[in-house]
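For reference, the structure discussed in these notes is given below.
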Ligand SMILES: Cc1ncc(COP(=O)(O)O)c(C=O)c1O
């Protein structure tokens with residue numbers, strides 16, 4: 082029997098191990114302001130990689146989103162527009178500030194937030210918008226950025242899945258007011274758990290550095306509300322090694338995605354992921370859908386792939402507004418979400434991570450083609 086082909090998995094080597102051992106030998110595991118030597122080095126390298134002026138390392142992608150919302154002064158009485166078709170972290174980060182998440186719909190081809198739905202969701206209370214780079218494909222950052230600038234609202238990009246993705250020739254992280262990344266174990270690069278916010282704005286950067294350390298301007302001198310969102314030195318050391326490998330990881334993801342497209346386009350039944358003009362995917366997930374399928378049929382296909390040792394995944398079968406937490410409370414508001422609900426019934430993702438060989442991708446594609454034939 083074939084070994085399970087995982088949907089995503091950490092890709093670690095000797096470099097990560099050596100750096101972690103070095104940190105352990107140094108005895109410096111963290112810093113009371115979250116600014117130990119490894120964290121500062123990782124921040125400098127990450128900012129340079131994405132082309133941003135500042136990078137602020139934190140404990141997770143959710144912490145990055147929460148800190149960015151606090152830095153944008155989002156709080157009680159405010160509204161934040163974001164997709165429901167995404168991981169729950171962004172909505173929870175909004176709710177934790179006391180503001181109201183306002184769910185808007187997605188584009189049927191890119192699965193990213195749709196401008197006309199964002200426009201519809203806007204009220205006088207709107208303080209920020211969170212476009213998510215879904216599956217590693219940048220959202221329509223130009224259209225949403227122009228709209229937000231005109232209305233005076235802050236753009237906090239959720240690039241948790243999109244390290245190294247590009248929009249109009251620029252890497253995500255250098256475009257929005259603030260961009261949030263996750264380094265969770267399955268992401269394009271990892272620190273186990275971890276996150277980063279990048280920004281070109283000096284005031285936002287200063288606020289973020291205080292927010293990640295209980296709002297302290299200097300140790301034991303709090304000037305605003307914050308949290309303990311420090312990244313550890315161990316995590317930063319892993320991140321530094323992973324960042325060096327990110328370009329080669331992305332190249333392999335792209336090669337695998339292109340091969341999957343080549344093999345699956347023959348079937349004609351599947352809607353395959355595409356890169357719109359001017360956007361460069363980071364291929365965190367290769368997400369496809371079967372025309373006209375319902376959730377039961379889609380789930381059957383996914384089960385069949387699992388039975389052949391292929392870990393296909395459904396991201397996201399329950400949109401955030403349909404979870405018991407949000408469905409049964411008045412914590413959030415929503416517009417019309419027909420494309421969100423349709424995608425939740427139809428999509429499924431295939432593995433294209435860098436540890437997979439050409440033979441693995443051929444096996445996955447061939448198995449799927451037989452399953453839907
Ligand atoms: C789109 C999106 N947003 C936010 C997050 C939250 O990141 P984390 O798990 O590091 O808190 C994730 C990842 O899990 C994600 O995929």
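In this note's numbering, the protein residues as written are 82 to 454.
C-beta atoms are modelled at their ideal positions from N, C-alpha and C, and glycine is treated no differently.
Given the structure is predicted, the values throughout are model-derived calculations rather than measurements.
Residues 164, 187, 212, 213, 214, 215, 218, 219, 220 and 221 of the same chain have their beta carbon placed closer than 8 angstroms to that of residue 193, with the five preceding and five following residues left out of the count. Per DSSP, residue 151 lies in no beta strand (DSSP E) segment; the continuous alpha helix (DSSP H) that holds it begins and ends at 142-152. Secondary structure at residue 394: strand, using DSSP grouped into helix, strand and coil. Distances from the alpha-carbon of residue 328 to those of 351, 346, 352 and 362 put 362 closest. Just so you know, the alpha carbons of residue 161 and residue 287 end up roughly 22 angstroms apart.
According to DSSP, residue pairing for residue 415 in a beta bridge involves 184. Annotation: the continuous beta strand (DSSP E) that includes residue 161 extends over 160-164. Residue environment: residue 364 is assigned as buried (16 or more neighbouring CB atoms within 10 Å of its CB, all protein chains considered). In the pairwise beta carbon analysis, the segment 231-251 is classified as not touching the segment 116-126: fewer than three pairs are separated by under 8 angstroms. In the three-state reduction of the DSSP assignment, residue 244 falls in the coil class, being assigned neither a helical nor a strand state.
Distance from the CA of residue 127 to the CA of residue 454, rounded to the nearest whole angstrom, comes to 45 angstroms.
Residue pairing by DSSP puts residue 239 in a beta bridge opposite 213 and 261. Taking the CA atoms as reference points, residue 133 sits about 44 angstroms from residue 388. When rounded, the separation of the alpha-carbon atoms in residue 275 and residue 355 is 29 angstroms. A check of alpha carbon separations from residue 262 across 140, 318, 93 and 209 identifies 140 as the nearest.
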